[in-house]
Every structure is written in C-alpha cells, then in structure tokens.
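Reading through the structure tokens given below for one structure.
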Amino acid sequence: MSRSAVQELAGPVEAAIAEVGGDGVQARLERPADPAHGDYATAAALQLAKPLRAAPRQIAEWIAERIDSPFIASAQVAGPGFVNLRATPAWYRHVIGRVLAEDRRYGGGAAARPQKIQIEYVSGNPTGPVTASTARNAAYGDSLARLFEFAGHDVQREYYFNDAGRQMDLFGASLRARARGEDVPEDGYRGAYIEDVARGLGLDPDAPADEWRARGAAAMVEDIKRTLTRFRAGFDRWFLERSLYEDGSVAGAIETVRGTGHTYEKDGALWLRSSELGDDKDRVLVRSDGTPTYIAGDLAYIVSKLERGFDVAVYVLGSDHHGYIGRLKAGAIALGYDPDRVDIQIYQFVKIVEGGKAVSASKRRGAVLMLDELLDVIGIDAARYALVQRSHDQVIELDLELWAAQNAENPVYYCQYAHARIAAILRNAERAEDGPAPGWTPEPAEVELVKHLAEFPEVVAEAAEWRGPHRIVAYAQDTAKSFHQFYKQCRVLGEAPDVERSRLALCRATGLVMATALGLVGVEAPDRM
RNA sequence: GCGCCUGUAGCUCAGGGGAUAGAGCGUGCGCCUCCGGAGCGCAAGGCCGUAGGUUCGAUUCCUACCAGGCGCACCA
Numbered sequence: 020m021s022r023s024a025v026q027e028l029a030g031p032v033e034a035a036i037a038e039v040g041g042d043g044v045q046a047r048l049e050r051p052a053d054p055a056h057g058d059y060a061t062a063a064a065l066q067l068a069k070p071l072r073a074a075p076r077q078i079a080e081w082i083a084e085r086i087d088s089p090f091i092a093s094a095q096v097a098g099p100g101f102v103n104l105r106a107t108p109a110w111y112r113h114v115i116g117r118v119l120a121e122d123r124r125y126g127g128g129a130a131a132r133p134q135k136i137q138i139e140y141v142s143g144n145p146t147g148p149v150t151a152s153t154a155r156n157a158a159y160g161d162s163l164a165r166l167f168e169f170a171g172h173d174v175q176r177e178y179y180f181n182d183a184g185r186q187m188d189l190f191g192a193s194l195r196a197r198a199r200g201e202d203v204p205e206d207g208y209r210g211a212y213i214e215d216v217a218r219g220l221g222l223d224p225d226a227p228a229d230e231w232r233a234r235g236a237a238a239m240v241e242d243i244k245r246t247l248t249r250f251r252a253g254f255d256r257w258f259l260e261r262s263l264y265e266d267g268s269v270a271g272a273i274e275t276v277r278g279t280g281h282t283y284e285k286d287g288a289l290w291l292r293s294s295e296l297g298d299d300k301d302r303v304l305v306r307s308d309g310t311p312t313y314i315a316g317d318l319a320y321i322v323s324k325l326e327r328g329f330d331v332a333v334y335v336l337g338s339d340h341h342g343y344i345g346r347l348k349a350g351a352i353a354l355g356y357d358p359d360r361v362d363i364q365i366y367q368f369v370k371i372v373e374g375g376k377a378v379s380a381s382k383r384r385g386a387v388l389m390l391d392e393l394l395d396v397i398g399i400d401a402a403r404y405a406l407v408q409r410s411h412d413q414v415i416e417l418d419l420e421l422w423a424a425q426n427a428e429n430p431v432y433y434c435q436y437a438h439a440r441i442a443a444i445l446r447n448a449e450r451a452e453d454g455p456a457p458g459w460t461p462e463p464a465e466v467e468l469v470k471h472l473a474e475f476p477e478v479v480a481e482a483a484e485w486r487g488p489h490r491i492v493a494y495a496q497d498t499a500k501s502f503h504q505f506y507k508q509c510r511v512l513g514e515a516p517d518v519e520r521s522r523l524a525l526c527r528a529t530g531l532v533m534a535t536a537l538g539l540v541g542v543e544a545p546d547r548m
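Numbering follows the working numbering, in which position 69 of the first sequence is assigned residue number 88; successive positions increment by one, without gaps.
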C-alpha cells in the first residue's frame, strides 16, 4: 500500500497541525473552488478552534508557519481560517514520476484494511437469457469486483444459480408444453426464446418434465455464461443452489438456527423469528408440507460463504429485492454470525428507452430486450459505461439512440478519445521519454492535469469503500476533460527538448491512468478509434 | 399503512460538512497554416422538493411533510 501523492502533501501539514496541539486531526486537503486560492487547502484550523480555545485564523497562522516540505511552496491563511497551500514544481514532477514508475499498478493497493471479499452478483434462475435490465447488476457487480481487487482485497466472484424450486419446474413445464405444441401453463414462461430453446434441445417432447427442466436449465446456464463473458463480467465460481440441498447444507443450516433458539413452530411450519432480529416479520423456513423454503437455502448459502473464510460477503441485488436486507441479516445473526459480514448492495432499476418510448418489460411475458441484443445495438463499451456511470441507488434511463450513436453525443467516446489522442502523440514522438526534465515547471493546464493524476489513488480507495464504481467513471471523465484542455493549450511535439520530454511523460502518465480507470469499469482504452 | 431508494440547470445526472454548487447533452456565438475537431473557448440557464433542527459553517448530517420509483408470500 502506498500513500497517494496528495497524502504526501498532507503529511507535513499534519505534522504542523500536531505541533500546534491538534494531534491526530487530519489535514483533509481539498481543492479550493477558486484556483487563485491555491492548489490545496485544509480547514483543520476551523475544526480546532473549539478544542484549542483560540481564533481559527490564529490557529491557521500557527499551522501555516510550521509547515515545512520541499513539496509545499507556500502556506497562506485565508477566509475564516483556511490554510491555502501551493505545491512546488518538484511535487508535480514527483507525481508524474510516481505514475510512470508504478505503471498500471498506480492507484491500486490503497485499501485501508485488505480483506477477503466474496461478491455474488447477477445470480438468478436459469430460466432464460440475461436481460438488458440485469445488465446493470452485471456491470455494477463486475466493476465492484475489479475495484476491490485493484484496491488490494482478495476477491472471489460468484454466480448463484437458483436451479431449485417452483420457478424451475414452471420453466421445464413451459419448455415441454411448447415442444408439444400446447399452451404454456399458468404463470409459465412465455418469452419467444422458450420455443427456440425447446427446439434446440432436441428432446423427445414426451420426455418427463424433470428431464426438460434439467436439460433446459443446463442450456440456459451455458447461454448465461456466454453472454456474461461477452459483457466482460467475470466469475470465479458458478454455484448451484441445488447442491446445497444435495449435500445436506440446507438441513444443516436449519438445525443450526434451531439450535440457536431463533425458530418456532406454528401451523405445522418451522418459522425463523426474524422479526426480533431486525426483519419486518417472521419467515417460514420449512413449510407445513415439510419442504424447505428458499430462505432455508439462503441460510445455507450464507454458511457456505462465510465458512469458506471470507471476511465479508457482498450481495448485489435489484431494488425489488431490498426486502432481502433484513432477511439475510436476520439469518446471519440467527446462524451466529456478525451481520456486518453480510454486505448487501441494492441497485435501482434501468428504464430502457428508445426515442422516449420504454422498451423493457417482464421476462415471463416476453417482449424483453436481452443483454445480447443490447450489446448488438450499442456495443459493449457503451453498455458498460452507461450502466455504471451513475450511482447504483439512482434509477437511470438508458437511451438506446444516444448510446448507439457513433458520434460526439455518446459520452463513452469522450474518455476513449483522450486515450487515443495520447496514444497518437506517443506514436508520433521521435524518442522515448524518460520522465519529466529536472527543472521543468508546469503551466496551468498541466498543473490541473497532474492534480487529477495525483488524486487517483484516493478516488479508487473511496470508490471501493463506498461501493461506488460510478466515481471512477466521473473521475475518468474529469481527467479526460483536463487532458483535452491541456492538449489544446500545450503543444507537446516539437517544443524545446526539456518541455517536450516533460509533456511526453505527462501524456504517458495520463494514458496509463485513463486505461486503468476505464479498465476498472470494464471499458476498453483504445489506441486508435 | 409499513419499509428501502430518489427529488440539484431545459434533459440525463455528479457532488459522503467547507470559500462564488458542477459535468455531459441541448441552446447561442466563436476556434482547424501546427501532435487526431469524437476536441477546445465564451454565454445563457439554479429559492440544491418544502419546513424545521444540529454546526463556526449544511446541497451534504437529523426530523417532519410533499412528490416519484420499488417492495411488503408456507413464489424465488
């Protein structure tokens, strides 16, 4: 783990804060709204006013005069008690040097506390192809997993196939009915793909429903894996719910919660007393007919996850499943685990529109946009970018026309274009650069760009901690903007040797960071477009 | 009724206690003798849903209310 370049500025400031009696108070450097105020600023003096019983501006003076660092050119008190800092050219050169030295590792390994994290995402019944709505789960979950890994956590990605239960029986029955030319059962699956799948299996229409179910599920599992791979959503393990029943895990989990005293019997069923553990109501674990509910399976799965040695199990679920939070946490407690080890992330729905008209609907009724179709229309990069650029707890609208456009209206190209431009400059350079020249002093556009590069490690750490990969997209967009401005204002090739060399180094450093950032959300950083 | 999420520019949305609230798209006006114009600059456009509270300081945290989305099975 490495301190970010911004923290290298904060260090001397914190030392000064400690000297004036603010031991342990963080500098928390921020960019002043007005660049005329300086490069970074700390509001620590304002927070110290009360404990130190002194005027904030006075404290700021004390801090400012004690700051001593080769990377800080000046420290000035301003406003109610801010200390405004100006970085030295040496710091800017240092930042570029660090990015180049750390290469694609730059920005990574910043997790405050590396953990073993298991992340389960997408997951669902293998009753049909992956839909475009589910794509948000895949884009978000996969980006989170990439972020965790990059931040320094040990990550396992898992897909949980709900291949047991009534939905699967309905799916099998629907396939069989279609093959026999009959109407699908009530509540059955009516999507157009059902007929294709039924035909593709080449099974005797009169084969037992069980066989239709098993063969259909196997085919859908393969189809789901193929589509997700195409979408660059990777998994280390494909877990089958059925296995939990077959190896006795479900029975074992039921015994465990019985043993901890969090169950009771009523109306011939076994209930989990979840209402006392934070859930809104009690839940049936074993039906009066003796069969376990899906909750029993969920409990067994929690045991499976946590007993495999993960510190935390992250679940990525759609907003229609938000009721799971209370249920799963209650289950974890009943099983004797710390509920904080179950980390449930809920993402809101995607409204897919085309020309202002909604195109998404339920899978069971058919007329649904599938992920493969979405990718055919707008491409993988645009789909990943569009689905992860906004906070996961924000309902989003995905306009097919906008994202399919091969022009400047399409936001994904803005970032990619910056990377391609950099690649073009590096291609055209006549000699390899070797870091910024020793006496180089950056111009304003360069200052701005380097600051962005310096802040990347913190952005990564925060994005991972807050489970918000959209911050990476926002960062990539900001950095791209900063580069485009630099490109316009500062010519690279053909300038004086020291300037050219330094700017080439800055270009290469920016290209590296852009590629890393886009890679974290599964978007490619092309050298040519 | 209860619970979760959300109300910020014309539209889609960033902003996880700090100074004059931002971006993309859209609108208007400019910028290619030079590294890729999928770009850059300038301008217009905001009671940050409403009302209270905490704080030196609130778009940010808390409460209530209003509005929208999603849920509240012995289905998964």
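The beta-carbon is built from N, C-alpha and C at its ideal position, and this holds for glycine as well.
With C-beta atoms as the reference, is Val361 less than 8 Å away from Leu166?
No, these two residues do not count as a Cβ contact at 8 Å.
Should the stretch 411-428 be regarded as contacting the stretch 501-508, the criterion being three or more beta carbon pairs within less than 8 Å?
The stretch 411-428 is not in contact with the stretch 501-508.
Taking the straight line between their C-alpha atoms, what separation do you get for Asp215 and Ser193?
In a straight line, the C-alpha of Asp215 is about 12 Å away from that of Ser193.
Quick one: using the 10 Å Cβ neighbour count with 16 as the cut-off for buried, is Tyr283 buried or exposed?
The residue in question, Tyr283, is exposed, as its Cβ has fewer than 16 Cβ neighbours within 10 Å.
With distance defined between alpha-carbon atoms, name the residue in Ser268, His341, Lys324 nearest to Asp299.
Cα-wise, what sits closest to Asp299 is His341.
How many Å lie between Phe368 and Gly271 at the Cα?
Approximately 35 Å between the Cα atoms of the pair.
Going by DSSP in three states, Leu419 sits in which element: helix, strand or coil?
Of the three classes helix, strand and coil, the one that applies to Leu419 here is helix, per DSSP.
Could you pull out every residue in the same chain whose Cβ sits closer than 8 Å to the Cβ of Pro75, ignoring the five residues on either side in sequence?
Here the set comprises Ala64, Leu65, Leu67, Ala68, Pro99, Gly100.
Are there 16 or more other CB atoms within 10 angstroms of the CB of Met548, so buried, or fewer, so exposed?
So Met548 ends up on the exposed side.
Between the stretch 306-316 and the stretch 330-339, do three or more beta carbon pairs fall short of 8 Å?
Contact fails: fewer than three Cβ-Cβ distances are below 8 Å.
Give the DSSP bridge partners of Val431, in chain order.
According to DSSP, which records beta bridges pairwise, Val431 is partnered with nothing at all.
Do you know offhand how far Gly287's Cα is from Thr310's?
In a straight line, the C-alpha of Gly287 is about 11 Å away from that of Thr310.
Could you tell me which residues DSSP pairs with Asn447 in its beta bridges?
According to DSSP, which records beta bridges pairwise, Asn447 is partnered with nothing at all.
Ignoring anything shorter than 4 residues or poking outside the stretch 58-102, list the alpha helix (DSSP H) runs there in chain order.
The stretch 58-102 contains these whole alpha helix (DSSP H) runs: 63-71, 75-85.
Would you call the stretch 258-266 and the stretch 172-184 in contact, with 3 or more CB pairs under 8 Å?
The stretch 258-266 is in contact with the stretch 172-184.
Which residues mark the beginning and the end of the alpha helix (DSSP H) in which Tyr356 is found?
Segment: none, Tyr356 is in no alpha helix (DSSP H) and carries neither H nor E.
Could you tell me the alpha carbon to alpha carbon distance between Gly143 and Tyr179, rounded to whole angstroms?
About 7 Å.
In terms of residue numbering, what span does the alpha helix (DSSP H) encompassing Asp199 cover?
The amino acid at residue 199 is misidentified as Asp; the sequence shows Arg. Unbroken run through Arg199: none, as it is neither H nor E.
Which of the three DSSP states, helix, strand or coil, is assigned to Ala164?
Ala164 falls in the helix class under three-state DSSP.
Might you give, ordered along the chain, the residues of its own chain that have their beta carbon closer than 6 Å to the beta carbon of Leu10, omitting 5 neighbours on each side?
Since the displayed the chain opens at 20 and closes at 548, residue 10 lies outside it and no answer follows.
Look up Arg256 in the DSSP assignment and give the residues it is bridged to.
DSSP lists Glu177 as partners of Arg256.
If you drop the 5 nearest sequence neighbours on each side, which residues of the same chain put their C-beta closer than 6 Å to that of Phe254?
If we look at Phe254 and ignore the five residues flanking it on each side, its Cβ neighbours are Arg176, Tyr178.
Report the rounded CA-to-CA distance for Ala499 versus Ala29, giving the unit in angstroms.
Cα-Cα distance, rounded: 26 Å.
Please work out which residues of its chain come closer than 6 Å, Cβ to Cβ, to Pro455, disregarding the five sequence neighbours upstream and downstream, and give them in chain order.
Result list for Pro455: Arg112, Ile115, Ser521, Ala524, in chain order.
Going by C-alpha distance, which of Glu33, Ala120, Glu49 is nearest Ile86?
When each option's Cα is compared against that of Ile86, the closest is Glu33.
Tell me the DSSP secondary structure of Thr248 in three-state form.
Correct three-state label for Thr248: helix.
When DSSP labels each residue in this structure, what does Pro463 get in the three-state scheme?
Of the three classes helix, strand and coil, the one that applies to Pro463 here is helix, per DSSP.
Using alpha carbons as the reference points, say which of Leu354, Tyr159, Leu388, Glu452 lies closest to Gly210.
Selected option, being the one with the closest Cα: Leu388.
Where does Asp299 sit, in a helix, a strand or coil, going by DSSP?
Three-state DSSP puts Asp299 in coil, outside helix and strand.
Ends of the alpha helix (DSSP H) at Thr153?
Run containing Thr153: none; DSSP gives neither H nor E here.
In terms of alpha-carbon separation, which member of Asp206, Glu121, Ala83, His281 lies closest to Gly355?
Per the Cα distances, His281.
Does Thr282 come out as helix, strand or coil in the three-state DSSP assignment?
Correct three-state label for Thr282: strand.
Of the choices Ile243, Lys244, Arg195, whose alpha-carbon is the least far from that of Leu19?
With the chain running from 20 to 548 in the structure shown, residue 19 is simply not present.
Taking the alpha helix (DSSP H) that Tyr313 falls in, what are its first and last residues?
Here the alpha helix (DSSP H) through Tyr313 covers 313-326.
Going by DSSP in three states, Ala544 sits in which element: helix, strand or coil?
Note: Ala544 maps to coil in three-state DSSP.
Which two residues bound the contiguous alpha helix (DSSP H) that contains Asp453?
No alpha helix (DSSP H) holds Asp453; DSSP gives it neither H nor E.
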